[in-house]
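In what follows, a structure is listed as structure tokens, so that the remarks can point back to it.
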Amino acid sequence: MPDAAAASYLQDCRPRFRQPSAGDLCIDVPAIGTDQNNEQVMEVFTRHRELMSLPVVEGGQPIGLINRNIFLSQMSKPFHRELYNRKSCIAFMDKEPLVVDAGMAIEELTQRAVAFGEKALTDGFIITRDGVFAGVGQGLPLMRVVADMQEARNRQIMHSIEYASVIQRSMLRTSREALAQTRLDADLVWEPRDVVGGDFYQFSAMPEGWFATVADCTGHGVPGAFMTLIASITLSKAIEQHGPRDPARLLASVNRSIKQMLGQMDGQDETPGSDDGMDAACFWFDAGTRSLHFAGAKTALFLLNPGQAGVEMIDGERKGVGYVDSDIDFAWTNRCVPLQPGSLVFVTTDGLIDQIGGPKAIAFGKRRIRELLLAQRERPAADINRALLDALQAWQGPHHRRDDLSFFCFRV
């Protein structure tokens with residue numbers, strides 16, 4: 019990057035607005051010296067009825083704070099005016115108020131105020147510039163500034179997450195468009211639990227068949243979305259290197275790549291930096307032989323052939339991709355499944371299976387999936403998926419969505 023362009027880039031990256039400091043909360047209020055008495059304190063509070071605390075200074079430096087309510091309460095007691103009017107104002111002074119510099123950042127000021135205790139918010143705090151009294155700050159304006167900063171920070175985070183969602187959806191769009199162009203009786207549902215998610219899919223078509231993957235990466239939200247990026251890129255590279263016809267080999271390749279990338283290699287002395295990976299179903303459909311080559315990592319395939327009385331479930335290996343307990347040379351197995359014209363195939367991540375709901379707050383489960391596939395077996399794939407979504411929504415009821423949701427249904 020040229021120097022001028024780099025300078026311009028760095029300039030654009032700098033904060034556009036100055037971060038607030040204690041000085042922004044500084045209120046100019048009267049102060050009283052140690053040589054003044056309580057009668058003069060009373061006069062100040064009488065003239066300034068809005069004043070909640072009166073700073074006491076000596077040589078320009080703050081040494082204490084007189085709380086209005088405490089002072090008036092004490093002076094209202096019998097004979098206290100006669101006793102204390104002529105005495106020094108330090109008689110009712112808090113000798114250890116919170117004192118902060120005007121340049122202190124709001125975040126640090128908030129931490130100091132919380133650590134100092136309730137009186138920093140009720141009585142306020144003294145603000146200095148170069149050690150000299152400048153004014154006071156109050157608890158309520160501090161809380162308002164903190165709330166505004168938090169709102170702005172949350173808004174910025176949401177804007178970033180929403181843009182990440184645009185990136186994630188753009189990454190998936192190519193596969194969805196490729197699926198639409200095949201004119202298969204097929205439908206894909208992808209619903210992240212949050213704005214972005216940890217599930218992803220891939221689909222690519224060729225003259226001799228097509229390849230598809232439905233995967234569930236560790237986590238959801240932003241961490242899950244980062245994992246989908248890693249897993250999707252490594253899967254694409256594996257397909258470029260090995261081709262799409264051997265799903266088991268692709269899972270093994272992704273397993274090695276994730277373990278290398280995330281430091282989850284066998285034999286390392288150090289504790290792995292993460293234990294992240296993915297569960298996935300990968301399959302290649304051979305159009306010539308009308309057979310499905312399937313490899314699953316902790317993911318099963320639901321199969322319903324024409325005339326079949328029940329839904330067959332074809333399990334994948336009970337080993338996830340990329341995790342610490344997955345050996346770097348673990349070999350997944352391809353299962354060749356002959357399909358008949360009209361055969362219905364369904365695969366889902368665990369977001370559907372594990373969703374809590376119903377009167378007993380239990381998981382949706384695989385049995386309900388099989389029952390619904392049987393009941394909807396004659397309908398198009400899109401209608402079947404819609405029926406599953408409706409059933410899930412009814413089952414979930416008031417319960418919170420637990421995970422991202424992805425499933426793929428197609429008919430031969």
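Residue numbers (my numbering): 19 to 430. All residues carry an ideal CB built from backbone N, CA and C; glycine is no exception.
Buried/exposed call for residue i, threshold 16 Cβ in 10 Å
{"i": "residue 285", "result": "Caution is warranted here: a pLDDT of 48 is assigned to residue 285, below 50, making its placement in the model unreliable, and no coordinate value can be reported."}
{"i": "residue 373", "result": "buried"}
{"i": "residue 344", "result": "buried"}
{"i": "residue 226", "result": "exposed"}
{"i": "residue 161", "result": "exposed"}
{"i": "residue 377", "result": "exposed"}
{"i": "residue 147", "result": "exposed"}
{"i": "residue 294", "result": "buried"}
{"i": "residue 87", "result": "exposed"}
{"i": "residue 370", "result": "buried"}
{"i": "residue 153", "result": "buried"}
{"i": "residue 220", "result": "buried"}
{"i": "residue 253", "result": "buried"}
Span separating the alpha-carbon of residue i from that of residue j
{"i": "residue 80", "j": "residue 150", "result": "7 Å"}
{"i": "residue 218", "j": "residue 133", "result": "45 Å"}
{"i": "residue 287", "j": "residue 362", "result": "Low per-residue confidence applies at residue 287: pLDDT is 46, beneath 50, and the placement is therefore not dependable, though the value from the model is reported in the following sentence. The alpha-carbon atoms of residue 287 and residue 362 are separated by roughly 48 Å."}
{"i": "residue 192", "j": "residue 417", "result": "33 Å"}
{"i": "residue 141", "j": "residue 67", "result": "15 Å"}
{"i": "residue 318", "j": "residue 384", "result": "10 Å"}
{"i": "residue 208", "j": "residue 423", "result": "6 Å"}
{"i": "residue 131", "j": "residue 139", "result": "7 Å"}
{"i": "residue 366", "j": "residue 116", "result": "58 Å"}
{"i": "residue 414", "j": "residue 381", "result": "9 Å"}
{"i": "residue 103", "j": "residue 76", "result": "20 Å"}
{"i": "residue 37", "j": "residue 119", "result": "15 Å"}
{"i": "residue 228", "j": "residue 257", "result": "12 Å"}
{"i": "residue 303", "j": "residue 196", "result": "15 Å"}
{"i": "residue 65", "j": "residue 165", "result": "32 Å"}
{"i": "residue 158", "j": "residue 92", "result": "25 Å"}
N- and C-terminal bounds of the alpha helix (DSSP H) containing residue i
{"i": "residue 248", "result": "239 to 260"}
{"i": "residue 413", "result": "399 to 414"}
{"i": "residue 183", "result": "157 to 200"}
{"i": "residue 383", "result": "383 to 393"}
Test item: CB-CB of residue i and residue j under 8 Å
{"i": "residue 71", "j": "residue 124", "result": "no"}
{"i": "residue 245", "j": "residue 239", "result": "no"}
{"i": "residue 198", "j": "residue 298", "result": "no"}
{"i": "residue 155", "j": "residue 43", "result": "yes"}
{"i": "residue 346", "j": "residue 255", "result": "no"}
{"i": "residue 206", "j": "residue 194", "result": "yes"}
Where the beta strand (DSSP E) containing residue i begins and where it ends
{"i": "residue 79", "result": "79 to 85"}
{"i": "residue 367", "result": "Note, residue 367: premise wrong, no beta strand (DSSP E); not H, not E."}
{"i": "residue 220", "result": "217 to 224"}
{"i": "residue 424", "result": "423 to 429"}
Three CB pairs or more closer than 8 Å across the stretch 275 to 283 and the stretch 320 to 335: No, the stretch 275 to 283 is not in contact with the stretch 320 to 335.
Inter-stretch contact (C-beta, 8 Å, three-pair minimum) for the stretch 395 to 410 and the stretch 350 to 358: These segments do not touch.
Stretch-stretch touch, CB-based, cutoff 8 Å, three pairs: the stretch 205 to 217 with the stretch 178 to 187: Output reads yes: the stretch 178 to 187 touches the stretch 205 to 217.
At least 3 beta-carbon pairs within less than 8 Å: the stretch 105 to 124 vs the stretch 47 to 57: A contact exists between the stretch 105 to 124 and the stretch 47 to 57.
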